[in-house]
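Q:
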Amino acid sequence: MLLLLLLLLLLLLLLLLLLLLLLLLLLLLLLLLLLLLLLLLPLLLLLLLLLLLLLLLLLLLLLLLLVIVLLVLLPPPPPPPPPPPPPPCLLLLLLLLLPLLLLLLPLLLLLLLPLLLLLLLLLLLLLLLLLLLLLLLLLLLLLLLLLLLLLLLLLLLLLLLLLLLQLLLLLLLLLLLLLLLLHHHHYHHHHHHHHSQ
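Start counting at 1 in the sequence shown, then tack on 26, and there's your number in this note's numbering.
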């Protein structure tokens with residue numbers, strides 16, 4: 027009986043130890059998770075800042091584009107009131123300058139066109155950068171999820187191992203009990219036999 031009690035106590039102690047081990051493992055896993063989060067947080071913040079900066083740049087470029095388009099599309103300001111009729115030589119000069127002005131206008135438009143194209147290209151580049159950043163964020167999130175999954179798997183494995191250990195211990199105890207009983211029975215039987223002789 028005493029041995030049985032001792033064995034039971036032993037089993038309880040072992041179970042307690044296993045529970046403590048489990049708790050320690052859980053704490054370790056939690057610490058690991060916290061560390062991961064702390065490592066990834068600065069990266070995420072940096073990416074968010076970059077995104078914000080790019081958005082601001084995009085807005086500025088859009089405004090600039092709008093201004094240029096408005097300048098090109100808006101009608102020119104109304105001509106000033108006609109001055110007193112100029113002398114004939116000035117009139118001749120104006121007539122000579124008019125074709126020149128007409129020639130310069132397409133040139134101005136031609137100069138503005140590359141600017142517009144450049145702005146459009148810059149906008150496209152910015153959009154591409156934004157997309158890349160978003161992709162990076164997604165990748166980071168995926169990595170985090172994968173790490174979490176791995177940790178969960180580890181936990182499950184540990185739990186399984188602990189369960190196996192417990193089963194083994196129980197089996198050992200049962201074997202010990204059986205041996206004790208057999209020994210006890212054998213001893214009694216032998217003793218009895220001895221007496222009858």
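From the three backbone atoms N, C-alpha and C, an ideal C-beta is built for every residue, glycine too.
Predicted, not measured: the structure shown is a model, and the values here were computed from it.
Three-state secondary structure (DSSP) at leucine 171?
A: It is helical.
Q: Taking a contact to mean a Cβ-Cβ separation below 9 Å, would you say leucine 170 touches isoleucine 94 in this structure?
A: no
Q: Is the Cβ-Cβ distance between leucine 149 and leucine 87 less than 9 Å?
A: Between leucine 149 and leucine 87, the CB-CB gap stays under 9 Å.
Q: Helix, strand or coil for proline 101? Go by DSSP, reduced to three states.
A: coil
Q: Does the structure place the stretch 163-178 close enough to the stretch 121-141 that three or more beta carbon pairs sit under 8 Å?
A: no
Q: When you compare only the Cα positions, how much space is there between leucine 194 and leucine 157?
A: Their backbone Cα atoms lie some 55 Å apart in a straight line.
Q: If distances are taken between C-alpha atoms only, which option among Leu34, Leu152, Leu45, Leu38 comes closest to leucine 187?
A: Leu45
Q: Between the beta-carbon of leucine 196 and the beta-carbon of leucine 30, is there less than 9 Å?
A: no
Q: Could I get the ranges of all uninterrupted alpha helix (DSSP H) runs contained in the stretch 29-75, with 4 residues as the minimum, in chain order?
A: none
Q: From Leu76, His214, Leu151, pick the residue whose C-alpha is nearest to that of leucine 163; which is it?
A: Leu76
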